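Take a look at the structure below.
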Amino acid sequence: MDYHPVVERLYFDANATVPPLPQVVEVVSSAMREVWGNPTSTHGEGQRARFLIEEARRSLAENLGVASAELIFCASATEALHLLIRGLRPALGDEPASAFPGEHSACLNPLKDWTRLSWLPVADAGTRTVAQMAANNETGIIYDMPQVPGAIRLRDCAQAWGKVAVDLSSCDSAVFSGHKIGGPRGSALLWMRSGLPWTPVLEGPQERRRRGGTEDLPAILGLAEAARHLPERLEAHARLHALRDAFEAEVLAWDAGWEVVGRLAERLPNTSCLIFRGRSGEALHMALDLDGFAVSTGSACHSGATKPSHALTTLGYSEAEARSALRISFLPDATEDQVSRLVDALRKILAR
Ligand code: PLP
114 MDYHPVVERL YFDANATVPP LPQVVEVVSS AMREVWGNPT STHGEGQRAR
164 FLIEEARRSL AENLGVASAE LIFCASATEA LHLLIRGLRP ALGDEPASAF
214 PGEHSACLNP LKDWTRLSWL PVADAGTRTV AQMAANNETG IIYDMPQVPG
264 AIRLRDCAQA WGKVAVDLSS CDSAVFSGHK IGGPRGSALL WMRSGLPWTP
314 VLEGPQERRR RGGTEDLPAI LGLAEAARHL PERLEAHARL HALRDAFEAE
364 VLAWDAGWEV VGRLAERLPN TSCLIFRGRS GEALHMALDL DGFAVSTGSA
414 CHSGATKPSH ALTTLGYSEA EARSALRISF LPDATEDQVS RLVDALRKIL
464 AR
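In the numbering used here, the protein residues as written are 114 to 465.
Set out below in structure tokens:
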């Protein structure tokens, strides 16, 4: 279906998802055609599928610098965070835990049934679990992993992966999402250092009894293929700093009341979260969409009601300021020409 048949579309919502790499589409479609055996089956078809899954696991483990037995294939980072946190709950859920308040809901939701949760930077005495995302999806701000002695450190790398280097030496478990790096939707990774007090949530023989359900071989092979292209992806993102900074400087020059969230902080090079005080982020988003530009607001739509983003209110922004936010997130191959077209469209819309 084509929503805007006469308007050429430009996509500036890379933190929501990115298009799959052509090489990934190839790998996924050929796996769907040719390797449809069930990897749990003991016949040749099944064993070929099993072999390819283990090859993909080895390649991803090498890429991340971890042991392949520590990686579990999942269908999304949301699932991986739920399996991780719910699986630690029996051992640690009643002990003090601490989380960054701007975590994605995929992390905050499974933490809801933990009984003694404090919010970073506070970590109560005896804290046994700490959750801190590597980079925030809305602001792009990059966070160090707090080192709380004796605590198990959980890291959501869904946004950082492929945009900046991720360091797993400072944490004990991490999640990664395939569709944010040009891999297929339905592909993700849960990494856990061996020896964590974790019990499986989805029972079944697959993934060494850690995540039941027949493996999605095309998605897994597509994920491994996308990860092979991470060096180019990181290089392309490094180039975005200058483009993004020039975009922000231009927009900020239009009105002294507008602001870039975390402008002085270390941020993902593709992300710009702008507060257009006095304007509606939702209205700007809709006007840009009609003009052919896909961007995102700093709000999440829950059952029809638009709630201001907690990622912004926890940084101290008011609800009104959070509702005035727009998130622009560049694809790795964004060009100066595309950005200047966005700037022109935004300038016209803001002048209305
Ligand atoms: N964590 C962060 C920081 C995200 O930005 C997202 C998706 O936007 C997720 C988790 C969830 O990822 P997935 O779409 O793979 O469930």
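Each residue gets a CB set at the ideal place from its N, CA and C atoms; glycine is no exception. It should be emphasised that the depicted structure is a prediction, and the values quoted were computed from it without experimental measurement.
**OP:** Identify the continuous alpha helix (DSSP H) that holds residue 191 and give its terminal residues.
**Re:** Per DSSP, residue 191 belongs to the alpha helix (DSSP H) from 190-205.
Subject >> Nearest-angstrom Cα separation, counted from residue 191 out to residue 180 >> reply: Cα-Cα distance, rounded: 22 angstroms.
Original post:
Does the ligand PLP have a heavy atom nearer than 7 angstroms to the CB of residue 292?
Top reply: yes
Original post:
Rounded to a whole number of angstroms, what is the C-alpha to C-alpha distance between residue 415 and residue 423?
Top reply: Because residue 415 carries a pLDDT of 48, less than 50, the predicted location of this residue cannot be relied on, and no value is offered for it.
Original post:
Run through DSSP, which three-state label would residue 416 get?
Top reply: Model confidence at residue 416 stands at a pLDDT of 49, short of 50, so the residue's coordinates are unreliable and nothing is read from them.
**OP:** Give the secondary structure of residue 360 by DSSP, where H, G and I count as helix, E and B as strand, and everything else as coil.
**Re:** helix
Original post:
Hey, is residue 466 close to the ligand PLP, as in C-beta under 7 angstroms from one of its heavy atoms?
Top reply: Examination of residue 466 is not possible in this model, given that the chain is present from 114 through 465 alone.
**OP:** Using the Cα positions of residue 333 and residue 323, report the straight-line distance between them to the nearest angstrom.
**Re:** 16 angstroms
Original post:
CB of residue 217 to nearest heavy atom of the ligand PLP: below 7 angstroms?
Top reply: yes
Original post:
Under 7 angstroms from any heavy atom of the ligand PLP, does the C-beta of residue 191 make it?
Top reply: yes
Original post:
Can you round the beta-carbon distance between residue 521 and residue 294 to whole angstroms, since I take them to be within the 8 angstroms contact cut?
Top reply: Residue 521 is absent from the model: the chain starts at 114 and stops at 465.
**OP:** Check whether the Cβ atoms of residue 148 and residue 330 sit closer than 8 angstroms, and answer yes or no.
**Re:** yes
Subject >> Bridge partner(s) assigned by DSSP for residue 410 >> reply: DSSP, once it has assigned bridges, lists 439 as partnering residue 410.
Original post:
What residue does the alpha helix (DSSP H) around residue 187 start on, and which one ends it?
Top reply: No alpha helix (DSSP H) holds residue 187; the beta strand (DSSP E) holding it covers 184-187.
**OP:** Take residue 273 as the anchor and find which of 266, 350 and 430 has the nearest alpha-carbon.
**Re:** When only C-alpha atoms are compared, the closest one is 350.
Subject >> Where the alpha helix (DSSP H) through residue 164 begins and ends >> reply: 157-177
**OP:** Compute the distance between the beta-carbons of residue 173 and residue 309, then report whether it is under 8 angstroms.
**Re:** No, the pair does not count as a contact, with Cβ atoms beyond the cut-off.
Subject >> contact_flag[the region 357-365, the region 226-233] where n(CB pairs < 8 angstroms) is 3 or more >> reply: no
**OP:** Find the nearest neighbour of residue 132 within the set 456, 435 and 291, judged by alpha-carbon distance.
**Re:** The candidate whose alpha carbon is nearest that of residue 132 is 291.
Original post:
Are residue 281 and residue 311 touching if we call contact CB-CB under 8 angstroms?
Top reply: no
Original post:
Among all the DSSP beta bridges, which residues are the ones paired with residue 124?
Top reply: 407
Subject >> Close-in-space but distant-in-sequence residues of the same chain around residue 205 (CB under 6 angstroms, 5 per side omitted) >> reply: 241 and 242
Subject >> Short Cβ contact (8 angstroms threshold) for residue 213 with residue 246 >> reply: Against a cut-off of 8 angstroms, the Cβ pair of residue 246 and residue 213 comes out as a contact.
Original post:
Under the rule that 16 or more other beta-carbon atoms within 10 Å means buried, what is residue 398, buried or exposed?
Top reply: buried
**OP:** Within 10 angstroms of the Cβ of residue 434, are there 16 or more other Cβ atoms? Answer buried if so, exposed if not.
**Re:** buried
**OP:** Inspect the beta-carbon positions of residue 301 and residue 400 and report whether they are closer than 8 angstroms.
**Re:** It is not a contact, given that the beta carbons lie outside the stated cut-off.
Subject >> Nonlocal neighbours in the same chain, by C-beta distance under 7 angstroms from residue 405, ignoring five residues either side >> reply: These residues qualify, in order along the chain: 117, 120, 121, 122 and 123.
Subject >> Proximity winner among 287, 203, 199 and 235, relative to residue 222 (alpha-carbon distances) >> reply: 199
Original post:
Which value, in whole angstroms, describes the spacing of the CA atoms of residue 258 and residue 346?
Top reply: 23 angstroms
Original post:
Is residue 246 helix, strand or coil when you go by DSSP?
Top reply: coil
**OP:** Over the uninterrupted beta strand (DSSP E) stretch that includes residue 145, give me the two end residues.
**Re:** That residue, residue 145, is in no beta strand (DSSP E); its alpha helix (DSSP H) goes 135-147.
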